[in-house]
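In the numbering used here, the protein residues as written are 41 to 418.
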């Protein structure tokens with residue numbers, strides 16, 4: 041479902057086979073990364089901060105980079121040289137996040153050696169939002185990880201309120217917004233309220249290959265502490281010809297060699313513009329609302345408040361086998377593809393409206409596939 045212009049651009053990029061490590065190796069990649077970094081900063085309303093962008097494979101790696109930067113900065117404030125001394129004997133850094141956090145977050149925590157048993161999980165409400173009343177006291181040795189878009193319900197943590205508390209305490213806030221951060225790139229009040237206060241965080245992870253509809257793989261880290269990010273991802277070598285005036289992309293990523301994935305991201309943003317990004321994101325939200333409304337009209341149980349592009353469907357007292365059979369029938373119909381997830385211990389249908397090409401008619405046809413699938417169980 042990639043935007044056609046981005047798919048064509050990716051083909052060209054693959055033919056060019058540019059390595060985006062250094063400006064000297066690919067001046068065009070360096071230049072486009074600089075341009076896209078500025079565009080993203082403007083789109084997400086982060087112009088008051090000196091934000092740098094890392095162009096990585098996806099949000100999973102973007103989270104790793106963001107938390108690595110946070111780790112470096114917190115230890116640096118403690119007077120502890122983590123790069124030299126590592127975890128052996130290191131002071132404890134607190135990790136605070138929702139009990140409904142995405143598995144990519146827990147993976148990053150484990151990879152970076154924080155220890156999953158050390159995480160302070162905060163309870164969530166019936167939509168998967170972090171409960172503000174359950175948030176522990178924060179301090180300057182804390183990393184708070186918030187969600188902009190729960191993978192099942194699409195819900196957003198109380199970003200504004202938590203960020204205020206974090207700023208007061210001197211804590212680092214990372215916002216995991218793989219698909220949901222794009223809500224903050226619109227002018228729709230129903231969506232921008234979800235990301236209100238996001239500018240008070242220190243790092244943000246988001247995908248191009250989800251909501252923005254670029255080809256895989258295309259992830260982005262935005263970080264307001266460039267020095268910490270570069271230090272955390274340090275690389276040196278006598279053969280590395282760093283440029284003193286132009287961007288060397290490898291300073292902001294774990295990899296040295298990497299493809300020039302920024303080219304299709306640049307193509308998407310150049311083609312869409314701010315108005316096109318707004319239209320794309322808002323349309324996905326509208327199609328999700330339509331999905332929920334038409335399912336409700338056909339007596340399906342929608343379990344979540346549709347605040348962005350996720351719709352979750354359950355079947356009450358029916359067992360998981362029934363749900364799995366309905367999903368299989370829908371998938372085999374060829375009308376649409378939906379998956380399953382687990383919510384409150386039961387198998388549910390998870391609908392993620394994420395393609396620019398999905399029309400009102402497509403949604404209505406998908407609803408008919410749901411009805412047929414249910415009738416096939418009787």
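For every residue, glycine included, the Cβ atom is placed at its ideal position computed from N, Cα and C.
| message | Can you tell me whether residue 296 is helix, strand or coil according to DSSP? | response | coil
| Rounded C-beta distance between residue 322 and residue 292? I'm assuming under 8 Å. | Residue 322 to residue 292, Cβ: 31 Å. No contact.
| Among 151, 415, 117 and 276, the one whose alpha carbon lies nearest that of residue 366 | 415
| task | Could you name the residues that DSSP lists as bridge partners for residue 245? | result | 216 and 261
| Whole-angstrom distance between residue 189 and residue 174, CA atom to CA atom | 20 Å
| Assumed close pair residue 263, residue 370 - CB separation to whole angstroms, cut-off 8 Å | Not confirmed; about 40 Å, so no contact.
| message | What does DSSP give as the partner residue(s) for residue 93 in the beta ladder? | response | 262
| Span of the alpha helix (DSSP H) around residue 313 | 302 to 337
| message | Using 9 Å as the threshold, is the C-beta distance between residue 398 and residue 390 below it? | response | no
| task | Taking residue 254 and residue 304 to be in contact with their CB atoms under 8 Å, please state how far apart those CB atoms are, rounded to whole angstroms. | result | 5 Å
| task | Can you say whether residue 78 is buried or exposed, counting buried as having 16 or more other CB atoms within 10 angstroms of its CB? | result | exposed
| task | Could you have a look at residue 138 and say whether DSSP puts it in helix, strand or coil? | result | strand
| query | Could you give the distance in angstroms between the alpha-carbon of residue 117 and the alpha-carbon of residue 315? | reply | 41 Å
| query | Which class does residue 160 belong to by DSSP, given the choice of helix, strand or coil? | reply | strand
| query | Which one of 123, 126, 125 and 148 has the shortest CA to CA distance from residue 135? | reply | 148
| When DSSP builds the beta bridges, which residues end up paired with residue 379? | 390
| query | Straight-line CA distance for residue 352 to residue 388? | reply | 7 Å
| said: I need the straight-line Cα distance from residue 55 to residue 299, nearest angstrom please. | reply: 11 Å
| request: Please confirm whether residue 111 and residue 183 have their CB atoms less than 9 Å apart. | output: yes
| query | Which value, in whole angstroms, describes the spacing of the CA atoms of residue 334 and residue 221? | reply | 26 Å
| Under a three-way DSSP split, which group does residue 180 fall into? | coil
| field | alpha helix (DSSP H) segment containing residue 427, residue limits | value | Since the displayed the chain opens at 41 and closes at 418, residue 427 lies outside it and no answer follows.
| message | Alpha carbons only, please: which of 51, 202 and 165 is nearest the one belonging to residue 344? | response | 165
| query | With residue 105 and residue 261 assumed to form a contact (beta carbons below 8 Å), what rounded beta-carbon distance in angstroms separates them? | reply | 5 Å
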